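Which chain is which? The protein sequence lines are A and B, in order.
Start counting the first sequence at 0; every next residue gets the next number (numbering that gives the first Met the number 0).
Start counting the second sequence at 0; every next residue gets the next number (numbering that gives the first Met the number 0).
We treat Cβ as the ideally placed atom computed from N, Cα and C, and that holds for glycine.
For clarity, every value in this text was computed on a predicted model and none was experimentally measured.
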Amino acid sequence: MNVLSCRALRKVFRGNVVLHDLDLEVAEHEVVVLIGASGSGKSTLLRCVNLLETVDDGTIHLDGEHITSPGVNPDRVRQRIGMVFQAFNLFPHLTVLDNVTLAPRRVHRQPRRDAEAAAMRLLDRVGLADKAREYPDRLSGGQQQRVAIVRALANSPRLILLDEVTSALDPELVGEVLSLIRELRADGTTMLIATHEMSFAREVADRVCFLDQGRILEQGTPQQVLGAPQQPRTQQFLERIIAAGRLP
Amino acid sequence: MTTAYQPSQLQQERIAYRRRQTVLSAVVAAASTAVIGVLAAVAITGAPGWARVRRSFLDPAIALDALPDILHGLWLNVQLLFFCAIGALLVGLAIALLRTLRAPVFFPLRALAALYTYLLRGAPLLIVLYLLTFGVPGLRLKGTPPLLVLGGLALVIVYAAYLAEVFRAGIESVHPSQRAAARSLGLTYRQTMRHVVLPQAIRRVTPPMLNDLVALQKDVGLISLAGPIDAIRAAQIQTAETYNYTPYVVAGVLFVLLAIPLIAVTDWVTLRSARRQSAEAAL
Ligand SMILES: Nc1ncnc2c1ncn2[C@@H]1O[C@H](COP(=O)(O)OP(=O)(O)OP(=O)(O)O)[C@@H](O)[C@H]1O
Ligand SMILES: [Mg+2]
């Protein structure tokens, strides 16, 4: 069974149709990468999946459960989905450790000691155990984004949504975040990723989806979509990216 | 082994120059303060009515005489300030939270909370005080609380209206992405408020909040108009007995002394938060 299944999704912002009749499946352990021009609806799709936006038509199923049906408690759904944002969105008034343990302690009611032990194991894995007592503003951008990923992982989610997690980073810090995502992939984490990093998409994706004006215009393996795109608009998009030097 | 750092010739000259400049500024500041102080003293003590003013406002014997009663009254002001501050902070926070609720079921509460802040920020404190301390007992209801409680209530409901707006500004200043991040972790609306939004909001509005408490600390003296014998009322009684205004000056000085610690804390917190914000902006 698919972890995520979106059917005929539609999202409208004040008359502006941002998602059009969109279908998307993500299987267990699969990594799906969304590419597309700015404004094509990548972030909106991720926010709809996490129920941060309400859909205007269509359905979303998580592990077979219909999560866009009226009676569903969105808080319960979000506990099973991790989301990482472009701007990290760490809580500035909490230490790194408290950022990571907030949800396990308040949402999953884990005792502090257990939550902190689990958080320290995760932080240790990403090489940030020595920063556990620091506040986020004392960390580099790459370190903050790794903490944000750990914070999402601490809920043991079924699915992780990553929204352009490297675009706010200086180029020399991108690598450390991408290698963490590579590791997650090796562990079999199911991920839906929006990104502008084509070389990363090629490397990490099981499937690449090209979004254009709120539709998935083309999808397939990275070799197919990035190497031999069929649709003229996909070709145009990739040509522009190559011209901008972002696809080596 | 590394050799100890020795400032260069140029750096030593710079340090010496800065030291000379510092000494010079201190001397200039002291001299100008002294000149202005002497001028002011000469102007006041040289005024034609000075002798009379000194007798009726600054009589040491009367001051000493009045001090015990005024201090006794001041203790009432201190207690009142303590309870009113806590009450106003709690009510203000509750009103601010009601005003941020968005669900339609809460419409009546939200509307009432908005009405409350409009009415009570507009109403003069004195009138609210009179209505509660003279109007409510006039109803002759059983179980009417004592005047002191009614007067304290007037202070609480007026200051809660101001503080509610301070808190609301703080809550709204927390960026929506912080809520999105909290909700994406599965935190409920209440958990998000309690653990993510309010801690950041309150930190940001601590300076204006403390300013309101400084104002409250002065207005606590208005309770004397309703009858309870606080510091100002005690001074008034003494003044009526001696036909001399010195007790008022004593009460005024005591109020200022009482306020200084709170004002100092307010300034310190304001300075610190301004520094923190400019550090954030520099990032
Ligand atoms: N809250 C909102 N209100 C109104 N319009 C919105 C809102 N959020 C997004 N939009 C619009 O929806 C469209 C898609 O935005 P979205 O952020 O999903 O694009 P994106 O593919 O993530 O772009 P980018 O690559 O720049 O992040 C844009 O035209 C945007 O202006
Ligand atoms: Mg986006």
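Asked                                                                                                        : Found
Reduced DSSP secondary structure (H/G/I, E/B, other) of D129 (chain A)                                       : helix
is_contact[Q144 (chain A), chain B] using C-beta, thresh 8 Å                                                 : no
Interfacial residues, the region 53-82 of chain A to chain B, with Cβ spacing under 7 Å                      : D74, R77, Q78 and M82
Beta carbon proximity, P91 (chain A) to chain B, threshold 8 Å                                               : yes
Cutoff 8 Å: R54 (chain B) Cβ touching any chain A Cβ                                                         : no
Test item: CB-CB of A26 (chain A) and V11 (chain A) under 8 Å                                                : no
DSSP three-state assignment for L33 (chain A), whether helix, strand or coil                                 : strand
V17 (chain A) beta carbon near ligand 1 (any heavy atom closer than 7 Å)                                     : yes
heavy atom of ligand 2 below 7 Å from A193 (chain A) C-beta                                                  : yes
Three or more C-beta pairs below 8 Å linking the region 151-165 of chain A and the region 188-201 of chain A : yes
Reduced DSSP category for D56 (chain A) - H, G, I as helix; E, B as strand; rest coil                        : strand
Closest by C-alpha distance to Y117 (chain B), when choosing among B:L138, B:P103, B:L125 and B:A95          : B:A95
Distance cut-off 7 Å: E163 (chain A) Cβ against heavy atoms of ligand 2                                      : yes
L45 (chain A) (DSSP reduced to helix, strand or coil)                                                        : helix
Where the alpha helix (DSSP H) containing A116 (chain A) begins and where it ends                            : R111 to R124
P198 (chain B) at chain A interface by Cβ criterion, 8 Å                                                     : yes
Local Cβ density within 10 Å of Q234 (chain A), reported as buried at 16 or more and exposed below that      : exposed
7 Å Cβ shell around E163 (chain A) - same chain, five flanking residues per side excluded                    : Q85, A193, T194 and H195
Spatially closest choice to I148 (chain A) from A:E171, A:D136 and A:S178, by CA coordinates                 : A:S178
Three-state class that DSSP yields for Q85 (chain A) in the structure shown                                  : coil
Contact test: G38 (chain A) Cβ vs ligand 1 heavy atom, cutoff 7 Å                                            : yes
Cβ pair V157 (chain B), L124 (chain B) closer than 8 Å                                                       : yes
Best match in B:Q216, B:L162 and B:A40 for proximity to Y326 (chain B) [C-alpha to C-alpha]                  : Because chain B is modelled from 0 through 282, residue 326 (chain B) falls outside the range shown and cannot be assessed.
Chain B within 8 Å of R157 (chain A), Cβ atoms only                                                          : no
Members of the region 30-52 of chain A near chain B, C-beta cut-off 9 Å                                      : R46, N49, L50 and L51
Residues that H65 (chain A) bridges to, as DSSP identifies them                                              : A:H60
DSSP state of F12 (chain A) mapped onto helix, strand, coil                                                  : strand
Residue of A:I215, A:V106 and A:R181 minimising C-alpha distance to L184 (chain B)                           : A:V106
Cross-chain neighbours of G169 (chain B) in chain A, by beta carbon under 7 Å                                : Per Cβ cutoff of 7 Å: no residues; G169 (chain B) is ~13 Å from chain A at best.
Inter-residue spacing [alpha-carbon to alpha-carbon] between G14 (chain A) and E24 (chain A)                 : 27 Å
8 Å contact criterion, which A250 (chain B) and A234 (chain B) should meet: CB distance rounded              : 4 Å
CB contact below 8 Å: V268 (chain B) versus chain A                                                          : no
Endpoints, the beta strand (DSSP E) within which G219 (chain A) is located                                   : R214 to G219
CB-CB length for G91 (chain B) against A159 (chain B), believed under 8 Å                                    : 4 Å
Which of helix, strand or coil DSSP assigns to A46 (chain B)                                                 : coil
Chain A within 8 Å of T187 (chain B), Cβ atoms only                                                          : yes
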